[in-house]
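What follows is one structure encoded as structure tokens, with my remarks underneath.
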Amino acid sequence: MKLLFVIDLHDYQENYTVFKRPSARGIIFTEKNQLALVYSKKEQYYKFPGGGIRPNEDIKTALMREIKEEVGLIVIPDSIIEFGSVIRKQKSDDSAETVFEQENTYFWCKTKNKQVEQELDDYEKEADFILRYVDIEEAIDTNQRYHSENLFDEITIKREMKVLQIIKAYRKDHRI
6 MKLLFVIDLH
16 DYQENYTVFK
26 RPSARGIIFT
36 EKNQLALVYS
46 KKEQYYKFPG
56 GGIRPNEDIK
66 TALMREIKEE
76 VGLIVIPDSI
86 IEFGSVIRKQ
96 KSDDSAETVF
106 EQENTYFWCK
116 TKNKQVEQEL
126 DDYEKEADFI
136 LRYVDIEEAI
146 DTNQRYHSEN
156 LFDEITIKRE
166 MKVLQIIKAY
176 RKDHRI
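Sequential numbering from 6 applies to the sequence shown in my numbering.
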């Protein structure tokens with residue numbers, strides 16, 4: 006897996022316990038060159054559909070489950086191709102003396118032309134997650150304007166913005 010970049014806030018002590026939470030995220034382009042992204046109507050940001058991998062769950066199974074839950078799209082399993090990963094390390098905002106470490110793995114994938122009902126977690130419902138098809142520039146611009154008092158959320162959206170910029174450059178370089 007290609008490492009795209011690392012976010013390490015170095016805001017923790019070396020002797021802290023490490024809590025690892027790997028995740029899988031989908032990069033889904035339509036035939037009209039729009040991205041299928043999660044949009045938070047409450048917070049006004051875009052993020053790639055995806056999320057945490059459950060214990061004993063295969064990463065591709067987690068990807069398909071998370072995309073279905075968050076945006077109601079059904080991933081075509083044979084379309085899944087690795088793109089790269091981002092490592093994130095910072096002091097946990099949930100547990101004292103704990104480092105939150107997450108490897109976010111991004112995959113190109115295609116979905117069926119069918120949408121099912123979302124199955125959102127409480128925090129996703131609170132953020133008012135919906136599926137939006139947008140141009141990559143709109144997603145980048147929206148996320149550049151995003152600001153939150155919650156450092157965890159701020160870092161998450163800055164990560165997504167940087168991945169969007171990398172994908173934009175990749176598509177230009179590869180003429181796709």
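Ideal Cβ placement from N, Cα and C applies to all residues, glycine included.
Only a predicted model underlies this, so the values are computations on that prediction, with no experimental measurement involved.
Whole-Å CB distance - residue i paired with residue j, under 8 Å assumed
i: Ser97; j: Val104; result: 7 Å
i: Asn148; j: Glu165; result: 6 Å
i: Arg26; j: Gln95; result: That pair is no contact at about 12 Å.
i: Tyr50; j: Ile162; result: 5 Å
i: Tyr111; j: Phe88; result: 5 Å
Inter-residue spacing [alpha-carbon to alpha-carbon] between residue i and residue j
i: Ile171; j: Lys52; result: 14 Å
i: Asn20; j: Val121; result: 45 Å
i: Leu68; j: Asp146; result: 26 Å
i: Glu131; j: Glu71; result: 17 Å
i: Val139; j: Leu125; result: 21 Å
i: Thr35; j: Thr22; result: 42 Å
i: Ser28; j: Ala144; result: 21 Å
i: Trp113; j: Asp63; result: 17 Å
i: Pro60; j: Asn109; result: 16 Å
i: Leu8; j: Arg93; result: 11 Å
i: Lys37; j: Lys173; result: 15 Å
i: Asn180; j: Lys167; result: Residue identity check: residue 180 is Arg in the sequence provided, not Asn. Looking at the two C-alpha atoms, the distance is approximately 20 Å.
i: Asp178; j: Ser100; result: 42 Å
i: Gly31; j: Glu154; result: 27 Å
i: Phe24; j: Leu169; result: 26 Å
Residues that DSSP places opposite residue i in a beta bridge
i: Tyr128; result: Note: Tyr128 sits in no beta bridge, so no partner.
i: Arg93; result: Ile12 and Gln107
i: Ile86; result: Trp113
i: Thr147; result: None, per the DSSP bridge assignment.
i: Gln120; result: Leu78
Contacts around residue i, its chain only, beta-carbon distance under 7 Å, and the 5 residues preceding and following it disregarded
i: Lys119; result: Ile79
i: Val76; result: Ala41, Val43, Pro54, Gln123 and Leu136
i: Lys73; result: Ile79 and Val121
i: Phe157; result: Asp98
i: Lys117; result: Ile79 and Ile81
i: Ile58; result: Pro27, Ser28, Ala29, Ile64 and Ala67
i: Gln39; result: Tyr138, Val139 and Asp140
i: Phe10; result: Val91 and Lys167
Own chain, CB closer than 8 Å to residue i, minus 5 neighbours either side, in chain order
i: Gln18; result: Glu102
i: His152; result: Glu159
i: Lys115; result: Ile33, Val80, Ile81 and Ser84
i: Met6; result: Glu87, Gly89, Ser90 and Thr110
i: Asp127; result: none
Nonlocal neighbours in the same chain, by C-beta distance under 6 Å from residue i, ignoring five residues either side
i: Ile86; result: Trp113
Per the contact definition of three or more C-beta pairs closer than 8 Å, is the region 7 to 16 in contact with the region 42 to 49? no
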